[in-house]
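S.K.: For the sequence shown, position 100 (counting from the first letter as 1) is numbered 99 according to numbering that gives the first Met the number 0, and the numbering increases by one without interruption.
Positions of the beta carbon are idealized from the N, C-alpha and C atoms, including for glycine.
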Amino acid sequence: MATIKREREIDEDDDEVPVKVGRGHDVEDKRSRHCPYLDTINRSVLDFDFEKLCSISLSHINVYACLVCGKYFQGRGQKSHAYTHSVQFTHHVFLNLHTLKFYCLPDNYEIIDSSLEDITYVLKPTFTRQHISGLDKQGRLYRAYDGTTYLPGIVGLNNIKANDYANAVLQALSNVPPLRNYFLEEENYRGIRRPPGDIMFLLVQRFGELMRKLWNPRNFKAHVSPHEMLQAVVLCSKKNFQITKQGDSVDFLSWFLNALHGALGGTKKKPPSLCCR
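In structure tokens, the structure reads:
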């Protein structure tokens, strides 16, 4: 517990940026709006489907993505892995995977530019109710950044090793309109109360994230990796369903729907959740 607390303190210290006033503050604003390194961003290497942890410290806290090489690093202060990476490899543009803010390192100023909006949308797709209501009325093909065409909702799920049994279920559930519409809008389940230490709600969060990626009309590629979703499955099923070992799709479907039902607050006595209607 003390180690975790210390890690947070170090991380918070690393991210502190001196506040400049007067003329210096104006200079900071100009650099934020006119960063000279935006053309070094390589969208073809960006992949936000995997676990958000530092590639060096393996920490989940305060992780940034280097938008030049696609690797994840912790912090952005002078003692951080992201700062060291920026100096060593002259990679300057980073994205905070939690706050969705962009920064230039090692200068350590926030980048504000509308041309980066497509990157934040790929990291965290959002859907309006109007958009959701029209999903079944259109069959338009979209072109991903890598040039491939795809139909939102009919997107390939990567087979990491032996998870095709789960992929089939997740792909099928993503095309069940009531279930899809519910999970495309995060506000539907964000406020659900859950007991302290409850890990089952992680299934709801990861399934919602996967659903939004599958239906994203602005993907950089025409396939999605269910890596984070399957990690949650392994954890919540106590390894009864794994990524590296084949399982039965029917068994997985039954367990997954019941687990979602419970995580959404449903019981045998209470009114059924969306999963059991």
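Within the chosen definition, does the stretch 216 to 226 reach the stretch 145 to 156 through at least 3 CB pairs nearer than 8 Å?
M.R.: At 8 Å Cβ cutoff, the stretches touch.
S.K.: Using a threshold of 8 Å, state whether the C-beta atoms of GLN73 and SER58 are closer than that.
M.R.: In the sequence shown, counting from the first residue as 1, residue 73 sits at position 74. In the sequence shown, counting from the first residue as 1, residue 58 sits at position 59. In this structure, SER58 lies closer than 8 Å to GLN73 by Cβ.
S.K.: Assign PHE93 to buried or exposed, taking buried as 16 or more other Cβ atoms, counted over all protein chains shown, within 10 Å of its Cβ.
M.R.: Stepping through the sequence shown from its first residue, residue 93 is reached at position 94. Looking at its Cβ environment, which holds 16 or more other Cβ atoms inside 10 Å, PHE93 is buried.
S.K.: Are the stretch 52 to 66 and the stretch 232 to 243 touching by the rule of at least three beta carbon pairs closer than 8 Å?
M.R.: The stretch 52 to 66, when compared against the stretch 232 to 243, does not touch it at the 8 Å Cβ threshold.
S.K.: Counting only the same chain and skipping the five closest in sequence on each side, list residues whose C-beta sits under 8 Å from that of ARG32.
M.R.: Against the sequence shown, residue 32 aligns to sequence position 33. Cβ neighbours of ARG32 beyond the five flanking positions: ILE111 and ASP112.
S.K.: Quick one: what's got a C-beta closer than 7 Å to GLN245's C-beta in the same chain, skipping five residues either side?
M.R.: Your numbering for residue 245 matches position 246 in the sequence shown. Contacts found: ALA161 and TYR164.
S.K.: Around the Cβ of ASN107, are there at least 16 other Cβ atoms within 10 angstroms (buried) or fewer (exposed)?
M.R.: As a working note, residue 107 is residue 108 in the sequence shown. Its Cβ being crowded by 16 or more others within 10 Å, ASN107 is buried.
S.K.: Is LEU45 helix, strand or coil when you go by DSSP?
M.R.: Position 46 of the sequence shown holds residue 45. Correct three-state label for LEU45: coil.
S.K.: With the cut-off set at 8 Å, would you say VAL349 and GLY76 are in Cβ contact?
M.R.: Limits of the chain in this structure are 0 at one end and 276 at the other, which puts residue 349 out of reach.
S.K.: Taking 8 Å as the cut-off, decide whether the C-beta atoms of ILE131 and ASN95 are in contact.
M.R.: Here residue 131 is taken as the residue at index 132 of the sequence shown, counted from 1. Here residue 95 is taken as the residue at index 96 of the sequence shown, counted from 1. Cβ distance not < 8 Å, so ILE131 and ASN95 don't count as in contact.
S.K.: To the nearest angstrom, how far is the alpha carbon of ILE55 from that of GLY133?
M.R.: Here residue 55 refers to the residue found at position 56 of the sequence shown. Here residue 133 refers to the residue found at position 134 of the sequence shown. The straight-line gap from Cα to Cα measures roughly 43 Å.
S.K.: Excluding sequence positions up to five away, which residues of its chain have a Cβ less than 7 Å from the Cβ of PHE251?
M.R.: As a first step, residue 251 is located in the sequence shown; it is residue number 252 there, counting from the start. TYR164, ALA165, VAL168 and PHE240, listed in sequence order.
S.K.: Within the continuous alpha helix (DSSP H) that includes TYR144, where are the two ends?
M.R.: As a first step, residue 144 must be located in the sequence shown, where it is residue number 145. TYR144 -> no alpha helix (DSSP H), and no H or E assigned at all.
S.K.: Does DSSP classify PHE126 as helix, strand or coil?
M.R.: By one-based count along the sequence shown, residue 126 stands at place 127. Coil at PHE126, not helix or strand.
S.K.: Residues bridged to TYR102 by DSSP?
M.R.: Position 103 of the sequence shown holds residue 102. Looking at the DSSP assignment, TYR102 forms a beta bridge with PHE93 and GLU109.
S.K.: Contact defined as beta carbons within less than 8 Å: I believe LEU202 pairs with ALA262. What is the distance between those atoms, to the nearest angstrom?
M.R.: As a working note, residue 202 is residue 203 in the sequence shown. As a working note, residue 262 is residue 263 in the sequence shown. Right, their Cβ atoms sit about 5 Å apart.
S.K.: Quick one, which of GLN87, SER224 and VAL175 has its alpha-carbon nearest LEU256's?
M.R.: Walking along the sequence shown from the start, residue 256 turns up at place 257. The candidate whose alpha carbon is nearest that of LEU256 is VAL175.
S.K.: Work out the CA separation of CYS34 and LEU115 for me, nearest whole Å.
M.R.: To locate residue 115, count along the sequence shown from 1; it is residue 116. To locate residue 34, count along the sequence shown from 1; it is residue 35. Cα to Cα, the separation comes out at about 12 Å.
S.K.: Of all the options GLU186, TYR188, PHE206 and ILE191, which has the alpha carbon lying nearest to the alpha carbon of ALA171?
M.R.: On the sequence shown, residue 171 is found 172 positions in, with the first residue counted as 1. Residue PHE206 is the option with its Cα nearest to ALA171.
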